[in-house]
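> Following our numbering, the numbering of the sequence shown begins with 412 at its first residue and continues without gaps.
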Amino acid sequence: MKMIIGGERRDSVSGRSIPVNNPANGDFIDTIPLGTSEDVNIAVESAENALPKWSEKQCRERGKILFHVAEEVRKNHKEIALLLTIEVGKPIRESIDEIRGFANILEYYCSLASSNIGESFSLGPIGDCIVNREPIGVCGAIIPWNVPAILMGWKTAPALLMGNTLVLKPAIAAPLTVLKLYDSFENAGLPHGVLNIVTGNGEEAGRAIVRHPRIRKVTFTGDSQNGRSVRMDAAESMKHITLELGGSDAMVVWKDADINKATDGALRGRFYNCGQACLAVKRLYLHESIKDTFIGELKNKIEKLKIGDGRSVETDMGPLINVSQRSKVEDVIRSTLEKGEGTLITGGKRPEDPVITNGAFLLPTLISDIPDDARPFREEVFGPLLPVATVEDIDTAVKQANNTPFGLGASIWTHDMNVARRFSSDVKTGVIWINKHLTIPPDVPFGGIKESGIGRENGRNSIYEYTETKSIIIGK
412 MKMIIGGERR
422 DSVSGRSIPV
432 NNPANGDFID
442 TIPLGTSEDV
452 NIAVESAENA
462 LPKWSEKQCR
472 ERGKILFHVA
482 EEVRKNHKEI
492 ALLLTIEVGK
502 PIRESIDEIR
512 GFANILEYYC
522 SLASSNIGES
532 FSLGPIGDCI
542 VNREPIGVCG
552 AIIPWNVPAI
562 LMGWKTAPAL
572 LMGNTLVLKP
582 AIAAPLTVLK
592 LYDSFENAGL
602 PHGVLNIVTG
612 NGEEAGRAIV
622 RHPRIRKVTF
632 TGDSQNGRSV
642 RMDAAESMKH
652 ITLELGGSDA
662 MVVWKDADIN
672 KATDGALRGR
682 FYNCGQACLA
692 VKRLYLHESI
702 KDTFIGELKN
712 KIEKLKIGDG
722 RSVETDMGPL
732 INVSQRSKVE
742 DVIRSTLEKG
752 EGTLITGGKR
762 PEDPVITNGA
772 FLLPTLISDI
782 PDDARPFREE
792 VFGPLLPVAT
802 VEDIDTAVKQ
812 ANNTPFGLGA
822 SIWTHDMNVA
832 RRFSSDVKTG
842 VIWINKHLTI
852 PPDVPFGGIK
862 ESGIGRENGR
872 NSIYEYTETK
882 SIIIGK
């Protein structure tokens, strides 16, 4: 596939390209251009040329186009989902949900197209004031590989709805679904140049977007280390920024919790997308009175998961994105067990099924009795490892949930509303769930605190992240 600039499919000016491979078996899928700073500059020029006419349209008209994009995606969701599974490895059920989720995001933002996004008020004897919200201009978006369709929706829908144009860079490991989704924008009548997709790596194409002086806002989803670099680079030209970064979400299961429901929550919360989600359950804390019962039931459910190629409808968990990512998770497991910092309950190795030997597979792993300073609790582990510890009271639960530099999400599983209120009040994260984890509808503001990011995506107020205010004072 080729990058898309000004509605044209094109190679990089450098002539370089890179293959995209299926993580389930290592097979070649396609090649993509390795974009350069010159490609980014061409894309910015295209976005600038499209900006005046696009921003002059009524918000309602822009919303109609986004609604037609959603219609196109829903018509072709199975085809797009299959491509997503092939390039990322996730089970086809998860891919179908993600593509439908992309359409749902666009439909949600369409519902905001008639919202009153300005205001007016009297200044008494001085006169009156009108506050307009205007498009920022050309924006840049950089998305990761784990949920590329959802994140494409989060970035494109509010930016385009508010009259901005966009230069978007997908992850080098998962660009194909993003490029395929562009077809739906084109078929829905999106003017050329409003959305431009430059493929390539972060060091070259990504940094060129962040540093480009005529890109006025950058929205980035990725790890915290790269997020720091984005923030520093964006500061050179005083860009608006939204950063959705890493997370190490705690899940606390209280003594009165519904064990069956909570184990299902832990299973999905950790092993959805092979554990490769910023909002995944990455630290599990059990009230000490339920430890043995909970771990026993969770172990049974983990060992029933069907591991394999995501194209099979029987598959519950696919591979990691590549063997390099698998090696990182294996290193954490190995060092934890070698130091005697946990008890292996299940998993911890690669599947023995010869059919999937060539893929980046790793069995879902459960390790209990993890001390506070062990690697699984200190680092964001992006893969199918669930570390477990116990807590004895709500003070300890809150302390442990907060014992991380991240602040993206956390959940408490209990029927005791006093416990739930205390946890919700004192745990420092952007999202708190009660008897649930992982679910984020587009209506819900999403983002983190501390090293988990700056700004918010989703929700009604997220459209303001793509506008600048202009105050007009009318004298009497």
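Think of the CB as a built atom: it goes at the ideal place given N, C-alpha and C, for glycine as much as any other residue.
1. Which term fits R575, buried or exposed, when burial requires 16 or more other beta carbons within 10 angstroms of its beta carbon?
2. Can you tell me whether Q811 is buried or exposed? The criterion is at least 16 other CB atoms within 10 Å of its CB, across all chains shown.
3. Compute the beta-carbon to beta-carbon distance between L606 and T567, rounded to the nearest angstrom, for a pair I have assumed lies under 8 Å.
4. Tell whether a beta-carbon distance below 8 Å holds between A492 and I510.
5. Please classify I541 as buried or exposed, where buried requires at least 16 other C-beta atoms within 10 Å of its C-beta.
6. If contacts are defined as beta-carbon pairs under 8 Å, then V589 and P581 qualify, I think. What distance do you get, rounded to the angstrom?
7. Using only the alpha-carbon positions, how far apart do T815 and V792 sit?
8. What residue range is occupied by the uninterrupted alpha helix (DSSP H) comprising Y519?
9. DSSP has G651 in a bridge; who is on the other side?
10. Write down the C-beta distance between L462 and V558 rounded to the nearest angstrom, noting that I regard them as a contact closer than 8 Å.
11. Beta-carbon separation of S423 and P444 under 8 Å?
12. Could you give the distance in angstroms between the alpha-carbon of A435 and the alpha-carbon of R544?
13. On the three-state DSSP scale, how would you describe T807?
14. Would you check if the segment 772-784 and the segment 750-762 touch, i.e. whether three or more CB-CB distances between them fall below 8 Å?
15. Can you give me the Cβ contacts of T442 inside the same chain, cut-off strictly under 6 Å, excluding the 5 residues immediately before and after it?
16. Ignore the nearest five residues each way along the sequence and tell me which others in A570's own chain have a CB closer than 6 Å to its CB.
17. Once DSSP output is grouped into helix, strand and coil, what is the label at I732?
18. Measuring CB to CB, does R622 end up less than 8 Å from D644?
19. Where does A808 land, buried or exposed, given buried means 16+ other C-beta within 10 angstroms?
20. Look up D660 in the DSSP assignment and say whether it is helix, strand or coil.
21. Go through its chain and collect everything with a Cβ distance to E530's Cβ below 6 Å, but skip five positions before and after it.
22. Does the beta-carbon of Q687 have 16 or more other beta-carbons within 10 angstroms, so that it is buried, or is it exposed?
23. Please classify L534: is it buried, with 16 or more other beta-carbons within 10 angstroms of its beta-carbon, or exposed?
24. Would you call P730 buried or exposed, if buried means 16 or more other Cβ atoms sit within 10 Å of its Cβ?
25. Any contact between the segment 652-667 and the segment 844-863? By contact I mean 3 or more CB pairs, one from each, below 8 Å.
26. Just the Cα atoms here: how many angstroms apart are N432 and I497?
27. Take every Cβ of the segment 757-775, pair it with every Cβ of the segment 733-747, and state whether three or more of those distances are shorter than 8 Å.
28. Per DSSP, which residues does E597 bridge with? Please list them.
29. Please report the distance separating the alpha-carbon of R625 from that of P555.
30. Three-state secondary structure (DSSP) at F439?
31. Please report how far the alpha carbon of I608 lies from the alpha carbon of E614, in whole angstroms.
32. Nearest to I884 by alpha carbon, out of P536, E482, R737 and I851?
33. Can the beta-carbon of M697 be found closer than 8 Å to that of V799?
34. Where does S881 fall in DSSP's three states?
35. Assuming V830 is part of the alpha helix (DSSP H), what are its boundary residues?
36. What is the residue span of the beta strand (DSSP E) that N684 lies within?
So, from the listed chains and residues:
1. Checking the displayed sequence, the identity of residue 575 turns out to be Asn instead of Arg. So N575 ends up on the buried side.
2. buried
3. 6 Å
4. yes
5. exposed
6. 4 Å
7. 13 Å
8. For Y519, the enclosing alpha helix (DSSP H) covers residues I503 to C521.
9. Reading the sequence as shown, one finds His at residue 651 and not Gly. In the DSSP output, where bridge partners are listed per residue, H651 has K628.
10. That belief does not hold up - the Cβ atoms of L462 and V558 are roughly 28 Å apart, past 8 Å.
11. yes
12. 47 Å
13. Three-state result, T807: helix.
14. yes
15. S428 and P430
16. Here the set comprises C550, L577 and Y877.
17. coil
18. The answer is yes: Cβ separation under 8 Å.
19. The residue in question, A808, is buried, as its Cβ has 16 or more Cβ neighbours within 10 Å.
20. strand
21. V542
22. buried
23. exposed
24. buried
25. With the cut-off at 8 Å, the segment 652-667 and the segment 844-863 touch.
26. Roughly 8 Å separates the two Cα atoms.
27. yes
28. None, per the DSSP bridge assignment.
29. 23 Å
30. strand
31. So the two alpha carbons sit approximately 16 Å from each other.
32. P536
33. One point to set straight first is that residue 697 is Leu, not Met, in the sequence displayed. Taking 8 Å as the Cβ cut-off, L697 and V799 qualify as a contacting pair.
34. Checking the displayed sequence, the identity of residue 881 turns out to be Lys instead of Ser. Strand.
35. M828 to D837
36. N684 -> no beta strand (DSSP E), and no H or E assigned at all.
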